[in-house]
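Undergrad: Submitted below is the structure of interest, expressed as structure tokens.
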Amino acid sequence: MKHSKPLNRKGKMAMRRINEGEIMDVEGLQLPIGCTTVFDPGWEADSSEISVAALCQPMERDLYGCYGDCWWAAQVPDGLTKYPEWHQDCPAAVRDWQKLKFIDE
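By the numbering used here, the letter at position 19 of the sequence shown is numbered 4, and the numbering carries on one by one without gaps.
This is how it looks when you write it as structure tokens:
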């Protein structure tokens, strides 16, 4: 910590506790994070190596909705899709997100 400089009140409080020799305890949460303890990869697992094209397939627009509000789009499979090229018009999601098409069956 000798190369760190606290920038706010919380950082200064942490540095004061460290300098006083207080041992910081790490405690686990009493409840599991999210609504389930089942491993259900989504936004954090992209094995396709094509950026965000395989995340929450094909519901990329719900990238953060898939994990933040305790729900998972059950009707959208994690690894199966009938439209493997649905993202081809959008090679750079940050720049070309308007070109994404919704697949309506």
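Yeah, the Cβ is synthetic: ideal placement off N, Cα and C, and Gly gets one too. Keep in mind the model is a prediction, meaning the values are calculated, not measured.
Quick check on His72: buried or exposed, where buried means 16 or more other Cβ atoms within 10 Å of its Cβ?
TA: Counting Cβ neighbours within 10 Å, His72 comes out buried, since at least 16 surround it.
Undergrad: Applying the 10 Å Cβ sphere with the 16-neighbour rule, what's the burial state of Pro43?
TA: In this prediction, Pro43 has a pLDDT of 49, which is less than 50 and means its spatial position is unreliable; nothing more can be read from the coordinates.
Undergrad: Excluding five sequence neighbours on each side, which residues of the same chain lie with their C-beta closer than 8 Å to the C-beta of Ala(-1)?
TA: Cβ within range, chain order: Pro(-9).
Undergrad: Could you tell me the alpha carbon to alpha carbon distance between Gln83 and Pro69, rounded to whole angstroms?
TA: When rounded, the distance between both Cα atoms is 19 Å.
Undergrad: Do you know offhand how far Asp81's Cα is from Cys75's?
TA: Taking the straight line joining both Cα atoms gives about 5 Å.
Undergrad: Express the C-alpha separation of Val79 and Arg2 in angstroms, rounding to a whole number.
TA: Answer to the nearest angstrom: the Cα atoms are 42 Å apart.
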